[in-house]
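Read top to bottom, the protein sequences are chains F and C.
Mapped onto this note's numbering, the consecutive letters of the first sequence carry residue numbers 5 to 368.
Mapped onto this note's numbering, the consecutive letters of the second sequence carry residue numbers 5 to 368.
Every residue, glycine too, gets a C-beta built ideally from N, C-alpha and C.
See structure below.
Number of protein chains: 2
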Amino acid sequence: MKTVMVKLGDRSYPIHIGEHLIGRRDLMAGHIKGQKVMVVTDTTIAPLYLGTVMNALRAFTAESILLPVGEEHKNLDVMNRIITALLEYQFGRTSTLVALGGGVIGDMTGFAAACYQRGIDYIQIPTTLLAQVDASVGGKTAVNHPLGKNMIGAFHQPLCVIADTRTLRTLSDREFCAGLSEIIKYGLIRDHSFFEWLEGNIHALLERNPDALAYAIERSCQHKANVVAADEREADVRALLNLGHTFAHAIETGLGYGTWLHGEAVAAGIYMAADLSSRLGWLDHAKVIRIEALINQAHLPVRAPHTITSARMLELMSVDKKVRDDSLRLVLLQDIGKGIVTSDFDMVELKETLSHCRAVPEVA
Amino acid sequence: MKTVMVKLGDRSYPIHIGEHLIGRRDLMAGHIKGQKVMVVTDTTIAPLYLGTVMNALRAFTAESILLPVGEEHKNLDVMNRIITALLEYQFGRTSTLVALGGGVIGDMTGFAAACYQRGIDYIQIPTTLLAQVDASVGGKTAVNHPLGKNMIGAFHQPLCVIADTRTLRTLSDREFCAGLSEIIKYGLIRDHSFFEWLEGNIHALLERNPDALAYAIERSCQHKANVVAADEREADVRALLNLGHTFAHAIETGLGYGTWLHGEAVAAGIYMAADLSSRLGWLDHAKVIRIEALINQAHLPVRAPHTITSARMLELMSVDKKVRDDSLRLVLLQDIGKGIVTSDFDMVELKETLSHCRAVPEVA
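Put into C-alpha cells, the structure is as follows:
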C-alpha cells in the first residue's frame, strides 16, 4: 500500500492506494469519531463491494443507501435522499458518511456531508479510475443544476481516501478509459516525464496491470495533492487542473448530463486546448500529434460531437466561464508539462479550434 | 449609527445599527468585490424597501428575486430558485447576494451564497427584530427538511450586517414581539443587568422607541458577536444560544413550519427551560415568575400548543436532539443571567415540565 498525504493543516488527510483495501477495518476505523456510519453507493456498485465495506464497518452502527447510477442523477433532489436517510435513521452530528462509488457518488456524498447539519465527516472510497485520480481528492463537492454543472456545492475535505485498485478490474472498458483523461492531464499541465511514461506504458494501463495502475494513480494523486495544498479554494494554481474542462462542460451541458462520460468530454477538451495552443503558436504541431496519439490509444475522443455546432459550443463555453469567472479564461499549453491559465487568445483562433475539432457526422 | 464588530480573523465583519441605513451606498459598496449584485427578498418586503436598496446599489449591475413569505418556504426547492436566478443572469463567482428580509430570507440567501459555485459573498439587511438580533449574526445558514428544522446548511459569514431600526416600524405587532424572545434570551443566559433593563423598558420597546430599540439590538448583537467569536462552529459555548430552542423546534415541527413564528416557539421554550430549571432546584420559583411576567408583557406565549401532547413533544425533542447531538442535552438556567448546557436532569422532571407547560384547550 502506498500513501499520499494531502497537506491542509488541521484538514490534512491520507490517500491510501493499493489492492484489497476496501475490506480493511483499520483504514477507516481510526478516522471515525462517532458510532454511526452511513455508506452511500449506487445500484451498480452495491452488489460488488457493499458487503465487504459493511463488514469492515461492523464495529459501528452502519446503514447504507443506494442511489441511481449516472451523472444525470447528480442533483439536489437525489442529494436530498441522503439527508432524508440520515434523518430517518436519526443520525447526529458525529455521524460519518462513506462514499463508495465513482465521482457522482463522491461528489453528492461529499456535498451531503458538507451541508447535513452544517457539516459532518465523510470518507471517500472511489471505485472508478477517474474518481481515484481526481474526483475523490481535493474536497470539491457539488451537484449539477440544469443550467450548469457543479454549480451547487462546497469545499469539504474527507477524513481519508481509500483507492483500492482491485475495484478497477470490474470497470467497463468505457468507464476505465474515461479515467485515463485526467491522468494524461497531469502529465500535460505539470509533468513532462510522466507524459512520456504514459506514452510508453499506455498498453500496460489498458491491460490494467496492477503495478502500472498503482504508479499512475499515486503520481496523479501526488500532483493533485500538491496543487490542492498550494491553493485549496482555487484562487490561483488550482485552476490549472481545469485543462480541457471548459470545453468539456460545454459538451456535457450541450448533450445533456450522462450522454458522454465526464472523462470522455475532458479528453476531447484536452485535445481542443492543445489545438488552440498550437494555433496560437505556443505549442509545436508535433506535440499536438503526440497528444492526439495518446488520447487515441486510450480509446478516448479528440472531437466534440457533431450534434453540437461550433456556435453553440462557444455560447455554452461563454456561459460556463461567465458564471465561473466573469471572463473567458482557458487552461492552455506552452509545452507538454507546462499548462497556463490565460485569457490571452483571440476569438478567431478559438472559433477555428471549435470548427476543426467537431466530429464529422457519420454517413448513414 | 452604532457598529458592533464580529471578530473572526479574516472573516470578521461589522454590524451597523441605526436609522436610515438601508439607503446608504457607502455601507455596502466598500464590501462588494465584483460588479454584480442580486438582492433576495420576499413579496412583503419588496414593496416597502426594495426600491431604496436597489437605488443604493445603482453603481452595480443589480438584479432582484422575490420569494414567497414564511418559514414553510424555507426549503431546498425555494433556495434553488435563487441559484436558478444567478445562473439565468450568468452571475459569476465574484457576485454578491444581499438578503433583504427576515430570518427566512437571511437563512436561505446565506445558504445559497455558501453553496453557489462553492461559495460567493453576501450581505445581510435584516428587516425584522428577530433577524436583527439573532438570525443575521453568526453565519449560520440553513433550510428546513420535512423531518427537521435547519437540517441542511452551512457556516458562512456575511460581509456585513445592516440593521436599520426604521424597518421595524412596519412590522406587525406579532412579528415585532416574536423578536423580543431572543433579546430576553441574551439576558437570561449571560446578562442579569440586561434582563433587569428589559423588565424596566419593555413598554418602551413595545412602543418601538428608537433609542430603546437601538440599545437592545446593540447589546444583543454584542452578546452574539462575543459568543460566536469564541466558538464559531458551535463546539461549546455557542450552544448556550439555543436556550429554549429544543422545545421550540419540537413545537415548530409538531405544528408544521409557519404555524407559530419561530420567536413565539422560542418564548414558550424559554419558559419551559426556566420551569424545568426550577423543578430541578436550580432556579428560585420567584425568578420563574419574573421570566413568565416578562414573556407575558412581551405578548408571547409561555405554553406549548394544546394540540401537541406531552408525549409527542418528548418524542420530537428526542429526535431533534438525537440528530443534533446524539444525546438529550438542554440549555437550562442556574440563575437569571447564567445559562448552562447540560444533560444532568431527570426524565421525570422533564415530563412534568412538558405536562405543566401545555396550553389548556379553549372551550368552544
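Pull up the distance between the alpha-carbon of residue i and that of residue j, whole angstroms please.
{"i": "A271(C)", "j": "T100(C)", "result": "34 Å"}
{"i": "A315(F)", "j": "L91(C)", "result": "20 Å"}
{"i": "T145(C)", "j": "A158(C)", "result": "5 Å"}
{"i": "D288(F)", "j": "P72(C)", "result": "58 Å"}
{"i": "T171(F)", "j": "G74(C)", "result": "48 Å"}
{"i": "N205(F)", "j": "V232(F)", "result": "27 Å"}
{"i": "D348(F)", "j": "S331(F)", "result": "11 Å"}
{"i": "C164(F)", "j": "Y126(F)", "result": "8 Å"}
{"i": "H77(F)", "j": "R362(C)", "result": "45 Å"}
{"i": "Q161(C)", "j": "D14(C)", "result": "10 Å"}
{"i": "M5(F)", "j": "R242(F)", "result": "27 Å"}
{"i": "L54(C)", "j": "R29(C)", "result": "14 Å"}
{"i": "Y120(C)", "j": "I86(C)", "result": "9 Å"}
{"i": "P150(F)", "j": "E319(C)", "result": "39 Å"}
{"i": "M321(F)", "j": "H35(F)", "result": "40 Å"}
{"i": "R178(F)", "j": "I19(F)", "result": "25 Å"}
{"i": "V306(C)", "j": "I156(C)", "result": "29 Å"}
{"i": "H207(F)", "j": "H196(F)", "result": "19 Å"}
{"i": "L31(F)", "j": "V57(F)", "result": "11 Å"}
{"i": "G369(F)", "j": "E200(F)", "result": "Only positions 5 to 368 of chain F appear in the structure, and residue 369(F) is not among them; the question remains open."}
Smallest Cα separation from residue i: which of the options?
{"i": "A60(F)", "options": "L172(F), V41(F) and R173(F)", "result": "V41(F)"}
{"i": "T65(C)", "options": "V43(C), G74(C) and L80(C)", "result": "V43(C)"}
{"i": "D279(F)", "options": "S224(F), S359(F), A208(F) and L209(F)", "result": "S359(F)"}
{"i": "C181(C)", "options": "D30(C), R29(C), H266(C) and A243(C)", "result": "H266(C)"}
{"i": "T132(F)", "options": "R307(F), V292(F) and D46(F)", "result": "D46(F)"}
{"i": "G96(F)", "options": "A118(F), N79(F), A116(F) and I124(F)", "result": "I124(F)"}
{"i": "A116(C)", "options": "V141(C), A33(C) and N84(C)", "result": "N84(C)"}
{"i": "I274(F)", "options": "I187(F), I26(F), L12(F) and R212(F)", "result": "I187(F)"}
{"i": "I109(F)", "options": "L80(F), T56(F), A243(F) and G27(F)", "result": "L80(F)"}
{"i": "F198(C)", "options": "C225(C), I166(C), G142(C) and L104(C)", "result": "C225(C)"}
{"i": "S176(C)", "options": "L134(C), H249(C) and I156(C)", "result": "L134(C)"}
{"i": "A167(F)", "options": "G22(F), L31(F), T313(F) and D350(F)", "result": "G22(F)"}
{"i": "L304(F)", "options": "W264(F), W286(F) and R283(F)", "result": "W264(F)"}
{"i": "Y261(C)", "options": "C119(C), Q94(C), M58(C) and V147(C)", "result": "V147(C)"}
{"i": "K291(F)", "options": "A118(F), L12(F), I221(F) and D339(F)", "result": "D339(F)"}
{"i": "L12(C)", "options": "R237(C), L284(C) and V102(C)", "result": "R237(C)"}
Pull up the DSSP beta-bridge partners for residue i, would you.
{"i": "S68(F)", "result": "V43(F)"}
{"i": "F159(F)", "result": "K144(F)"}
{"i": "D235(C)", "result": "None; D235(C) has no bridge partner."}
{"i": "I127(F)", "result": "V102(F)"}
{"i": "T311(C)", "result": "Bridge partners of T311(C): none, in fact."}
{"i": "V352(F)", "result": "None, per the DSSP bridge assignment."}
{"i": "A167(C)", "result": "I21(C)"}
{"i": "M32(F)", "result": "In the DSSP output, where bridge partners are listed per residue, M32(F) has none listed."}
{"i": "M9(F)", "result": "P18(F)"}
{"i": "H266(C)", "result": "Looking at the DSSP assignment, H266(C) forms no beta bridge with any residue, so it has no partner."}
{"i": "H149(C)", "result": "G152(C)"}
{"i": "T346(F)", "result": "L334(F)"}
{"i": "D339(F)", "result": "K342(F)"}
Would you mind giving the Cβ-Cβ distance between residue i and residue j, rounded to the nearest angstrom? I have them listed as a contact below 8 Å.
{"i": "V335(F)", "j": "L247(F)", "result": "4 Å"}
{"i": "L202(F)", "j": "L298(F)", "result": "6 Å"}
{"i": "T346(F)", "j": "M276(F)", "result": "Not confirmed; about 15 Å, so no contact."}
{"i": "L192(C)", "j": "A302(C)", "result": "L192(C) to A302(C), Cβ: 13 Å. No contact."}
{"i": "R194(C)", "j": "G341(C)", "result": "6 Å"}
{"i": "G38(C)", "j": "T98(C)", "result": "3 Å"}
{"i": "I255(C)", "j": "I312(C)", "result": "7 Å"}
{"i": "I228(C)", "j": "G343(C)", "result": "The sequence shown places Lys at residue 228(C), rather than the Ile named in the question. With a Cβ gap of about 14 Å, K228(C) and G343(C) do not count as contacting."}
{"i": "I69(F)", "j": "L104(F)", "result": "In fact, because the Cβ distance is near 10 Å, the residues do not count as touching under 8 Å."}
{"i": "K325(F)", "j": "T257(F)", "result": "Wrong, their Cβ atoms sit about 12 Å apart, outside the cutoff."}
For residue i, does the count of other Cβ atoms within 10 angstroms reach 16, so buried, or fall short, so exposed?
{"i": "R62(C)", "result": "exposed"}
{"i": "M9(F)", "result": "exposed"}
{"i": "H253(C)", "result": "buried"}
{"i": "H24(C)", "result": "exposed"}
{"i": "A139(F)", "result": "buried"}
{"i": "T174(C)", "result": "exposed"}
{"i": "T113(F)", "result": "buried"}
{"i": "K189(C)", "result": "buried"}
{"i": "A239(C)", "result": "exposed"}
{"i": "I293(C)", "result": "exposed"}
{"i": "E211(C)", "result": "exposed"}
{"i": "V50(C)", "result": "This sequence places Ala at residue 50(C); Val is not what is there. It counts as buried."}
{"i": "H310(C)", "result": "exposed"}
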